[in-house]
Amino acid sequence: MSPGAGGPRTTVALRGPLTSVLLGFHCRLPPYVEEFRVLGDRELPEFRLERATFG
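Residue 36 in numbering that gives the first Met the number 0 sits at position 37 of the sequence shown; the count goes up by one each step and never skips.
This is how it looks when you write it as structure tokens:
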């Protein structure tokens, strides 16, 4: 099955090299850098990053 072919739609997707996506997801990179892209609702990752606590 190819991406987007009849599957459920997502609100937001992060796309890029795995290391960069994980670093961005865990607030180690700013959400909008060249290493990865945010597709879809850009407010959702910002909402998560503002409220996430690590340690």
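Here a beta-carbon is modelled for each residue, glycine too, at the ideal position from N, C-alpha and C.
In the DSSP assignment, R14 falls outside any alpha helix (DSSP H) and lies within the beta strand (DSSP E) extending over V11 to R14. The secondary-structure analysis by DSSP pairs L38 across a beta bridge with A12. For L28, there is no enclosing alpha helix (DSSP H), since its DSSP letter is neither H nor E.
Residue state for P7 is assigned as coil, using DSSP reduced to three classes. Counting the other Cβ atoms within 10 Å of the Cβ of V32 gives fewer than 16, which makes it exposed.
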